[in-house]
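Chemist: Got a structure for you, questions after.
Numbering (this note's numbering), first residue to last: 501 to 681.
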């Protein structure tokens, strides 16, 4: 993602790093600090995040393989996407996200601040027979289907990793039988 969006996520993350924006009770993470990017003095994510993230959603859609999702996202009448949730995670040593999935159609994780630290991961029980392991780096953005089970490993370096996650829902017009127009 752009340096501009990285800076915005970090700056606005600092604004919501307060008890009134605590979101840990709504999330699967075993982290002490998780906060919603909710309205801060009239500032809403549709004003600052969505315009800068839109190109990434379009790029994701344009790389979909053939199938229903590709057909709907490229051919349905009045297709739009809506950001339904956006939050920031501050992960410290020993904290982790257990296997989980999200609501909506797409989810994403952005890494606005990943300091150097250990690159060793422990064994982790997987619930599927295929996987993809990624080592995050500052500016990395991963977009994936919301139903995809994923997790974040614990680490033991004395650093703090900042990640931002969100959920997206698709909307389009349908005929009376529920078929996309």
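The beta-carbon is built from N, C-alpha and C at its ideal position, and this holds for glycine as well. All values derive from a computational prediction rather than experimental measurement.
Classify residue 598 as helix, strand or coil using the three-state DSSP reduction.
Modeler: Position 98 of the chain shown, counting from 1, holds the residue named residue 598. DSSP places residue 598 in strand when its eight states are reduced to three.
Chemist: My output table needs one value for residue 659: the three-state DSSP class, helix, strand or coil.
Modeler: One-based indexing of the chain shown puts residue 659 at position 159. In the structure shown, residue 659 sits in coil (DSSP, three-state: anything other than H, G, I, E or B).
Chemist: Using CA atoms only, rank isn't needed, just tell me which of 548, 613, 668 and 563 is closest to residue 590.
Modeler: To locate residue 590, count along the chain shown from 1; it is residue 90. Taking only the C-alpha atoms, the option nearest residue 590 is 613.
Chemist: Could you give the residue range of the alpha helix (DSSP H) that holds residue 504?
Modeler: Locating residue 504 in the chain shown gives position 4, where the first residue counts as 1. Per DSSP, residue 504 belongs to the alpha helix (DSSP H) from 503–516.
Chemist: Among residues of its own chain, excluding the 5 on either side of residue 528, which ones have a beta-carbon nearer than 8 angstroms to its beta-carbon?
Modeler: Numbered from 1 along the chain shown, position 28 holds the residue referred to as residue 528. For residue 528, where only same-chain residues beyond five positions count, the Cβ hits under 8 angstroms are 597, 598 and 600.
Chemist: Excluding five sequence neighbours on each side, which residues of the same chain lie with their C-beta closer than 7 angstroms to the C-beta of residue 603?
Modeler: For the purposes of this step, residue 603 is taken as the residue at position 103 of the chain shown. Here the set comprises 646 and 667.
Chemist: Out of 649, 642, 510 and 673, which one is the CA nearest neighbour of residue 683?
Modeler: Residue 683 is absent from the structure shown; the chain starts at 501 and stops at 681.
Chemist: How many angstroms separate the CA atom of residue 515 from the CA atom of residue 578?
Modeler: As a working mapping, residue 515 is identified with position 15 in the chain shown. As a working mapping, residue 578 is identified with position 78 in the chain shown. Cα to Cα, the separation comes out at about 35 angstroms.
Chemist: In the structure shown, what three-state DSSP assignment does residue 563 receive?
Modeler: Here residue 563 refers to the residue found at position 63 when the chain shown is read from its first residue. In this structure, residue 563 counts as coil in the three-state DSSP scheme.
Chemist: Could you pull out every residue in the same chain whose Cβ sits closer than 6 angstroms to the Cβ of residue 609, ignoring the five residues on either side in sequence?
Modeler: On the chain shown, position 109 is the one that residue 609 refers to. Correct list, in chain order: 642, 663 and 665.
Chemist: Identify the continuous alpha helix (DSSP H) that holds residue 572 and give its terminal residues.
Modeler: Working through the chain shown from its first residue, we reach residue 572 at position 72. Counting along the chain, the alpha helix (DSSP H) containing residue 572 begins and ends at 568–575.
Chemist: Exposed or buried, what is residue 594 when buried is set at 16 or more other beta-carbons lying within 10 Å of its beta-carbon?
Modeler: Residue mapping note: residue 594 aligns to position 94 of the chain shown, counting from 1. Under this definition residue 594 is an exposed residue.
Chemist: On the CB-based measure, 16 or more other CB atoms within 10 Å of its CB, does residue 531 come out buried or exposed?
Modeler: For this step, residue 531 is matched to residue 31 along the chain shown. The residue in question, residue 531, is buried, as its Cβ has 16 or more Cβ neighbours within 10 Å.
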